[in-house]
Amino acid sequence: MKKRLVPALTALTMALCAAGCGDTSTIDKIIDSSSPSAEDQLVDELAKQAEAQAETGLAPQTKASASLPDVTDIDASNGEFDVDLTELDSNMTYAMVYDMMVNPDNYEGKLVKARGTFAHTEENGNHYFAVLIADATACCSQGLEFKLKNADSLTFPDDYPEEGTELIITGTFGSYKEDRYTYIELADAAMEKAE
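In the numbering used here, the protein residues as written are 1119 to 1313.
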């Protein structure tokens, strides 16, 4: 039964993520290349919870069904930045980045400061850069893509840090279209190594 349950749970999880988050394929590739075991851990956890449900008849408490904090009433400004994710705890930061992905219009044009792990991917000759922001248990990550202010004069990897470097990124929240999809990013960004 477990062999049939894991693929079913994987398909359900992927369907829920796709329906709730829109197209996150670029960030998903960055996350996949940075932490390949995170999906396996989630699938294993969902399988364990489904087995527990079958044994006890109780509904499992999954990460997918657990409610995230309501971020609509949070004032994350600090006077200099409209949204300063570096001042929030890890759960609230993760929830706020998720909200940015789901409700990008609420953040359009806002000056954002974020801390995360540097990641990179390349697709069709285009380079994409992001900071990965983990939740409190570090099992799940949200990626926040950025484009540096002077990106046209920079080359990868020479002018960028090593992947996995902890960075602080500041930039203006916005979106761009590529093919038929809309992506979010911090534009005109500046980066510095976190201490």
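Glycine residues also receive a C-beta, built at the ideal position from the N, C-alpha and C atoms. These numbers come from a predicted model, not from an experiment.
Can you tell me the Cα-Cα spacing of residue i and residue j, whole angstroms?
{"i": "VAL1201", "j": "TYR1216", "result": "14 Å"}
{"i": "ALA1269", "j": "LEU1304", "result": "12 Å"}
{"i": "GLY1243", "j": "ASP1297", "result": "14 Å"}
Where does residue i sit, in a helix, a strand or coil, going by DSSP?
{"i": "VAL1269", "result": "One detail in the question is off: residue 1269 reads as Ala in this sequence, not Val. It is helical."}
{"i": "GLU1281", "result": "coil"}
{"i": "ASP1202", "result": "strand"}
{"i": "ASN1090", "result": "Past the edges of the chain, shown from 1119 to 1313, lies residue 1090, and the structure says nothing about it."}
{"i": "TYR1212", "result": "helix"}
{"i": "ASP1306", "result": "strand"}
Keeping to the same chain, check which residues put their C-beta closer than 7 Å to that of residue i; ignore five residues upstream and five downstream.
{"i": "ASP1306", "result": "LYS1267, GLY1289, THR1290"}
What does a CB cutoff of less than 6 Å around residue i pick up in its chain, not counting 5 residues either side in sequence?
{"i": "HIS1245", "result": "PHE1274"}
{"i": "ARG1233", "result": "THR1204, ILE1286, ALA1312"}
{"i": "MET1309", "result": "LEU1285, ILE1287"}
Keeping to the same chain, check which residues put their C-beta closer than 8 Å to that of residue i; ignore five residues upstream and five downstream.
{"i": "GLU1226", "result": "PHE1291, GLY1292, SER1293"}
{"i": "LYS1265", "result": "PHE1247, GLY1289, GLU1303, LEU1304, ALA1305, ASP1306, ALA1307"}
{"i": "VAL1249", "result": "ALA1232, ARG1233, GLY1234, THR1235, PHE1236, ALA1237, GLY1261, LEU1262, PHE1264, LEU1285, ILE1287"}
{"i": "ALA1254", "result": "ASP1207, SER1208, ASN1209, TYR1212"}
Within the 8 Å Cβ cut-off, does residue i reach chain C?
{"i": "GLY1227", "result": "No chain C appears in this structure, which consists of one protein chain only."}
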